[in-house]
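If you use the working numbering, the sequence shown corresponds to residues -3 to 576, in order.
Glycine included, C-beta positions come from ideal geometry on N, C-alpha and C.
Please read these numbers as outputs of a predicted model, since none were measured by experiment.
For reference, the structure discussed in these notes is given below.
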Amino acid sequence: SINVVIDRKQVSVAPGSTILDAAQSIGIDIPTLCYMRLHNTEYKCQPASCRICVVEVEGRRNLCPACATPVMEGMVIKTSSMRVLSARRMIVELMISDHPNDCLTCTKSGACELQDLARKTGVVDIHLSGKSQSEYEIRENKAIVRDMSKCIMCRRCEQMCSDIQSVHALSGVDRGFESVVGTAFDESLDNTMCVGCGQCVAVCPVGALMEKDDTDQVIKALADTDMTVVFQTAPATRVAIGEEFGLEPGTDVTGKLVTSLKDLGADYVFDTDFAADLTIMEEGTELIDRLNKFLNGEKTALPLLTSCCPGWVNFYESNYPDMLDLPSTAKSPQGMFGAVAKNYFAEKLNIDRKKMFVVSVMPCTAKKIEADREELKEDGNPDVDVVLTTREVARLIKLANIDFVNLPDGDYDSPLGESTGAAVIFGVTGGVLEAALRTVYEVLEKKTLPRVEFEAVRGFDGLKVATVTIVGQDINVAVAHGLSNARKVMEEIKNGNPRNLHAVEVMACPGGCIGGGGQPYHYGDGDILKARTNATYQIDEAKVIRKSHENPAIKALYEEYYEEPGSEIAHHQLHTRYTY
Ligand code: HC1
Ligand code: SF4
-3 SINVVIDRKQ
7 VSVAPGSTIL
17 DAAQSIGIDI
27 PTLCYMRLHN
37 TEYKCQPASC
47 RICVVEVEGR
57 RNLCPACATP
67 VMEGMVIKTS
77 SMRVLSARRM
87 IVELMISDHP
97 NDCLTCTKSG
107 ACELQDLARK
117 TGVVDIHLSG
127 KSQSEYEIRE
137 NKAIVRDMSK
147 CIMCRRCEQM
157 CSDIQSVHAL
167 SGVDRGFESV
177 VGTAFDESLD
187 NTMCVGCGQC
197 VAVCPVGALM
207 EKDDTDQVIK
217 ALADTDMTVV
227 FQTAPATRVA
237 IGEEFGLEPG
247 TDVTGKLVTS
257 LKDLGADYVF
267 DTDFAADLTI
277 MEEGTELIDR
287 LNKFLNGEKT
297 ALPLLTSCCP
307 GWVNFYESNY
317 PDMLDLPSTA
327 KSPQGMFGAV
337 AKNYFAEKLN
347 IDRKKMFVVS
357 VMPCTAKKIE
367 ADREELKEDG
377 NPDVDVVLTT
387 REVARLIKLA
397 NIDFVNLPDG
407 DYDSPLGEST
417 GAAVIFGVTG
427 GVLEAALRTV
437 YEVLEKKTLP
447 RVEFEAVRGF
457 DGLKVATVTI
467 VGQDINVAVA
477 HGLSNARKVM
487 EEIKNGNPRN
497 LHAVEVMACP
507 GGCIGGGGQP
517 YHYGDGDILK
527 ARTNATYQID
537 EAKVIRKSHE
547 NPAIKALYEE
557 YYEEPGSEIA
567 HHQLHTRYTY
């Protein structure tokens, strides 16, 4: 190992470590901006372009960026000398001189790393004069707002979009004061290969990339006494939203979330998890049909691809238009919930669907795009009216002055609030496939699963492959999260499916929905993602019913309304189609 001294403290680290690694290992905080270490992996974004992490190394003439300078035996390092502070203040001043001063109205205020740095370095005045503040128009689509005048060129978004997602929608454009990370020809993201996953938003340190804030529409609907407002909450939101109120990552706040939505004025608070069970019934039936055909030697589309993640749907529609027979035609749980609410439930309440306002609470920015798909509307009226990300819901709760942490636990309303353990694990990578296997196994084998956990599809490996034996047949499955991993498996399938895969789950975001682009900021911190994952599996374990086909509310819904999975009415309301 290599021995160095940092701020008078001795530390030994492995060869190849940077000064930043060494400092972090003994709890010394060196500020960073462009640097990002993702999900506790070896993957690092370290363009060393922002220079905010500069430190003083004894014997060297220039200050060195801690994130990109390897340690050498005997180095003596000062991380906070006045020379260092002075350099950092100059850098912050330069950044602010080319940054709008609209902190008062910026949605990122309070979570902005530049604002934080200005405070940490004590910058209170901008002495620079001359040309400043590049002019860029604010561009937005259904999911994401880009205010490039706020871009500080850290390039973290570009790394996420290119290296992790393999989408390449963002790159450095222009020069000098005008230089930003943007789209080619400054096009709207809608005119790029962007899938709306929001992973760029999740790592933007400032307010240059933000989710489109739709809280205003929800406030108006809640204030309208003529409107029946129905909420649904996605699996992954309940183990993350507590972080916005200072709770530890991985705190399960399901009950508080329900109560807070009721206190906001919701008429009904239901659960996307209910619809996740419904998805398993429809998608599982489709998988069983395809497997049966395969076992009978008939021609069929394999592997079946899961289709609940809208970032992934956008990705295969634009990258693999010749393979659109593979994805399941089942709508996502969000989509199914909207259809059940605006058809079955509105009929039950005897109200016009236009008088019902469905709000989704989602960890995801791409869900905003999904809800706007024509296939998820009837005569122009959407099944889901507004999608709020976890962060937006937290904002709304704060606006309403609700003391979230001290709320009593509420219960979901009935009947669209009942769910099983299989549904909640939709929120983590591997969960959709595990939930499907629990049902497909029991239906095909006609016997009880000895153990409901499928460990082989759990964990953070980018691509997980497993074989499960059902009715004496080897069923090969794969799970990918992060779209660069999805691309690998899709290229394999395109080239003849050498692993003979029968089912593939993809979630666009690393970790699955718990790491979604609309979740409380985690900046790639793998410990936070793990805590949310563990909490999700704990909710599953604590459930009495852990298989979708055993959900009594789902059984009742089929008896009363949808007849059986794959029926004509189920097809009409619960399935969709894909287009290029
Ligand atoms: Fe997801 Fe899904 S799991 S896609 O990650 O299939 O967004 O949480 O709600 O629809 O259920 C997201 C999460 C979510 C859907 C479900
Ligand atoms: Fe890239 Fe996803 Fe951001 Fe689109 S939303 S620009 S795909 S990271």
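Taking 8 Å as the upper bound for CB-CB distance, residue 242 and residue 531 are not in contact here, some 16 Å apart. Close CB contacts of residue 83 within its chain, under the 6 Å cut and outside five residues either way in sequence, are with 50 and 59 (chain order).
When rounded, the separation of the alpha-carbon atoms in residue 497 and residue 465 is 13 Å. Here residue -3 carries a coil assignment [DSSP, helix/strand/coil].
A direct Cα-to-Cα measurement between residue 520 and residue 432 gives close to 28 Å. At least one heavy atom of the ligand HC1 sits closer than 7 Å to the Cβ of residue 428. In this model, residue 231 and residue 319 are separated by some 29 Å (Cα to Cα). In this structure, the alpha-carbon of residue 526 lies about 43 Å from that of residue 347. The bridge partners DSSP lists for residue 140 are 207. Proximity to residue 553 across 361, 333, 383 and 385 peaks at 333, based on C-alpha coordinates. Within its own chain, the residues whose Cβ lies closer than 6 Å to the Cβ of residue 200, once the five positions on either side in sequence are excluded, are 153, listed in chain order. Under the three-state reduction of DSSP, residue 178 is assigned to strand. Taking 4 residues as the shortest admissible run, the stretch 404 to 467 contains the following complete alpha helix (DSSP H) segments, listed from N- to C-terminal end: 417 to 420 and 427 to 441. Distances from the CB of residue 478 to the heavy atoms of the ligand SF4 are all 7 Å or more. Bounds of any beta strand (DSSP E) do not take in residue 345; it lies within the alpha helix (DSSP H) bounded by 342 to 345. Not one heavy atom of the ligand HC1 sits closer than 7 Å to the Cβ of residue 10.
The nearest non-hydrogen atom of the ligand HC1 is less than 7 Å from the C-beta of residue 328.
The beta carbons of residue 325 and residue 65 sit no closer together than 8 Å. In its chain, beyond the 5 residues on either side, 400, 403 and 405 have a beta carbon closer than 7 Å to the beta carbon of residue 252. Residue 181 counts as exposed, since fewer than 16 other C-beta atoms from the protein chains shown sit within 10 angstroms of its C-beta.
With a beta-carbon spacing of about 18 Å, residue -2 and residue 52 fall beyond the 8 Å limit used to define contacts. Just measuring C-alpha positions, the residue of 101, 511 and 303 sitting nearest residue 359 is 511.
Taking the Cβ of residue 456 as the reference point, every heavy atom of the ligand HC1 lies at 7 Å or farther away. The nearest non-hydrogen atom of the ligand HC1 is less than 7 Å from the C-beta of residue 304.
Sequence-distant Cβ neighbours of residue 341 in its own chain, meaning closer than 7 Å and more than five residues away, are 412. Residue 477 counts as buried, since at least 16 other C-beta atoms from the protein chains shown sit within 10 angstroms of its C-beta.
In this structure, 499 is the residue among 183, 499, 409 and 302 with its C-alpha nearest to the C-alpha of residue 287.
Under the Cβ criterion (8 Å, minimum of three pairs), the stretch 542 to 559 does not count as touching the stretch 294 to 306.
Around the beta carbon of residue 528, a 10 Å sphere encloses 16 or more other beta carbons of the protein chains shown; the residue is thus reported as buried. Straight across, the Cα-Cα distance linking residue 575 with residue 193 is about 19 Å. Using a Cβ distance threshold of 8 Å, residue 240 and residue 139 do not count as a contacting pair. In this structure, the straight-line span from the alpha carbon of residue 375 to that of residue 227 is close to 22 Å.
Assignment of alpha helix (DSSP H) within the stretch 323 to 408, counting only whole runs of 4 or more residues, yields 329 to 336, 342 to 345, 362 to 367 and 386 to 395 in chain order. The beta-bridge partner set that DSSP reports for residue 186 is empty. Residue 57 counts as exposed, since fewer than 16 other beta carbons sit within 10 angstroms of its beta carbon.
Around the CB of residue 11, fewer than 16 other CB atoms lie within 10 Å, so the residue is classed as exposed.
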